[in-house]
Amino acid sequence: MLTDPVHRSPALRSVARRATLGRSLGLLRSFPLEQSDPDAFYSGLARDTVELVADLWAGSGDQPARPGPGPDAGRLPGLTVLDVGGGPGYFSDAYAAEGARYVSVEPDVGEMSAAGLDQTGSIRGSGMALPVRTDAVDVCISSNVAEHVPEPWRMAEEMCRVTRPGGLVVVSYTLWYGPFGGHEMGLTHYLGGERARRLYERRHGHPPKNVYGESLFEVGCADGLAWARDTGAADLLAAFPRYHPRWAWGLVRVPLVREVLVSNLVLVLRAK
């Protein structure tokens, strides 16, 4: 049973220190820029995501050393990081700066090339059937992807499969009943996904980028916690709201309320 959202885990001490109100407000201000200024939005999100992964790795304990190019190689030296749903490649430079070997998997060629960035090291494939051998990576992460696939926990199991024993699996996703669950459709998703799509089309004259039932699905907080507790492929280390200040992390423990107020859930697991 999840008696504490951080499981009193040392893996979250650095994460908790960074989880300030200032950080939360800064990220909140950047969210509206996702489509109007994606470079600004994703570059900031990339830095924040890599800091999260580096903090989790440093605090996860008993991690074997990996060869790196030198003492200033960064916080993830020599580690292979697989990013499921990596998109157009905004995260690559941020991981490289920490010494990691970054590989992304993305099913949509258009999404991969959307920003015109170098996609060396990217693989085209589905998160629900990763074209990666078993036990191949040190860290496997998906950031805001689970809500875009019809079988998110099948994807999560695949992430565990490709991560070596002792490695980290990090699943972060947007909750449907949270304020950002409708993505660009705004709060109209509270009227129902199909109705929200029709309202968006009526207002803008074209379908939303994330079409309910095709590329946007309902996924909740309790769903993720249930999968993480029950999977035999990994041990749950922690679960917490990704963008909230530390004092709000206890929301993960409150049924129903968490579905609305957690907004984005992070599940941290150690692969077996």
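The sequence shown begins at 572 in our numbering and counts up by one. Cβ coordinates follow ideal geometry from the N, Cα and C atoms, glycine included. No experiment lies behind these values; they were computed from the predicted model shown.
Item: Give the DSSP bridge partners of residue 710, in chain order.; Value: 652 and 739
Item: The beta strand (DSSP E) with residue 695 in it runs from where to where?; Value: 693-695
Item: Give me the residue from 646, 628, 663 and 587 with the minimum Cα distance to residue 616.; Value: 663
Item: Tell me which residues share the same chain as residue 782 and place their Cβ nearer than 7 Å to its Cβ, disregarding the 5 neighbours each side in the sequence.; Value: 768
Item: What does the alpha-carbon distance come out to for the pair residue 670 and residue 644?; Value: 5 Å
Item: By Cβ distance, which residues of its chain are closer than 6 Å to residue 574, with the 5 residues on each side in sequence left out?; Value: With a pLDDT of only 43 at residue 574, under the threshold of 50, the placement of this residue in the model should not be trusted, and no figure is reported.
Item: Which two residues bound the contiguous beta strand (DSSP E) that contains residue 789?; Value: Taken as a continuous stretch (DSSP letters only), residue 789 belongs to no beta strand (DSSP E), as it is neither H nor E.
Item: Mind checking who residue 806 pairs with in its DSSP beta bridge?; Value: 841
Item: Taking the alpha carbon of residue 746 as the point to measure from, which residue in 592, 789, 657 and 843 has its own alpha carbon closest?; Value: 789
Item: How many angstroms separate the CA atom of residue 828 from the CA atom of residue 583?; Value: 23 Å
Item: Counting C-beta neighbours from all protein chains within 10 Å, is the total for residue 724 16 or more, i.e. buried, or is it exposed?; Value: buried
Item: State yes or no: is the C-beta of residue 743 within less than 9 Å of the C-beta of residue 837?; Value: yes
Item: What's the gap between the Cα of residue 750 and the Cα of residue 761?; Value: 9 Å
Item: Would you report the Cα separation of residue 853 and residue 592, rounded to the nearest angstrom?; Value: Nothing in the structure corresponds to residue 853, since the chain is present only between 572 and 843.
Item: How long is the line joining the alpha carbons of residue 618 and residue 594, rounded to whole angstroms?; Value: 12 Å
Item: Can you list, in chain order, the residues of its chain with a C-beta nearer than 6 Å to that of residue 734? Leave out the 5 residues immediately preceding and following it.; Value: 708, 711, 740 and 842
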